[in-house]
Amino acid sequence: YLRTSAADVFAAGDCCSFPLPIYGRRRVRLESWRNAQEQGTLAAANMLGLDEAVSSVPWFWSDQYDMTLQISGLAEGAVLHLRRDLGPGAFILFHLDAHGRLIAASGIGPGNVVARDIRLAEMLIAARARPDPGALTSSDIKLKSLLAP
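By the count of the working numbering, the sequence shown reaches residue 808 at its end, each step adding exactly one.
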């Protein structure tokens, strides 16, 4: 809910840690513009009485010269790491927990090559999906097909 221990005081963005339900309510601290933007909006809504917890999947990106790095989710606790090649110089690593649940995906490649698949992975993480590992590594299988109808 982004409330602090002080009455009527809320915290959002880089300065706060908060429980994240999709990771067993583990407390996390995220430093990214998207997190700060989403939490600012949520903190304001909660000040007005919404009473909603943070529920979004963490997401981060960075451009390094002609390469883009994108990460969705938190890979801590992953026991299986699977690679999907997306062409020359581009790939995504999928991180699954001990129950086969997709908990993170990290990709790197030129331009925006990884963007669509990272967004689809974010949706799978939010859905707490347990995708077939073979489907994650096969570039012949579209990630969109792994989303429940």
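Heads up, the beta-carbon is just placed ideally off N, CA and C, and yes, glycines get one too.
Bear in mind that the values here come from a model prediction, so they are computed numbers and not experimental data.
- Taking a contact to require three or more Cβ pairs closer than 8 Å, the region 682–700 and the region 715–729 qualify as touching.
- Taking the Cα positions, L661 is about 42 Å away from P747.
- Look at the beta carbons and you see the region 695–713 not touching the region 755–764: under three pairs across the two are nearer than 8 Å.
- DSSP places T663 in no beta strand (DSSP E); its state is neither H nor E.
- Under the Cβ criterion (8 Å, minimum of three pairs), the region 735–745 does not count as touching the region 697–704.
- In the structure shown, R760 falls within a coil segment according to DSSP collapsed to helix, strand and coil.
- Short of 6 Å from the beta carbon of L802, and not among the five residues preceding or following it, lie these beta carbons of its own chain, in chain order: D776 and L779.
- Under the three-state reduction of DSSP, P790 is assigned to coil, being neither helix nor strand.
- Taking every protein chain shown into account, the CB of T663 has fewer than 16 other CB atoms within 10 angstroms, so this residue is exposed.
- Annotation: I762 to L679 spans about 12 Å, alpha carbon to alpha carbon.
- Linking L783 to L805 through their CA atoms gives a straight-line distance of about 8 Å.
- At the C-beta level, F750 and G732 stay beyond 8 Å of one another.
- In this structure, the alpha-carbon of A734 lies about 17 Å from that of S676.
- Here V738 is exposed: its Cβ has fewer than 16 other Cβ atoms, across all protein chains shown, within 10 Å.
- Residue ranges of uninterrupted alpha helix (DSSP H) with 4 or more members, entirely inside the region 668–733 and ordered along the chain, are 692–706.
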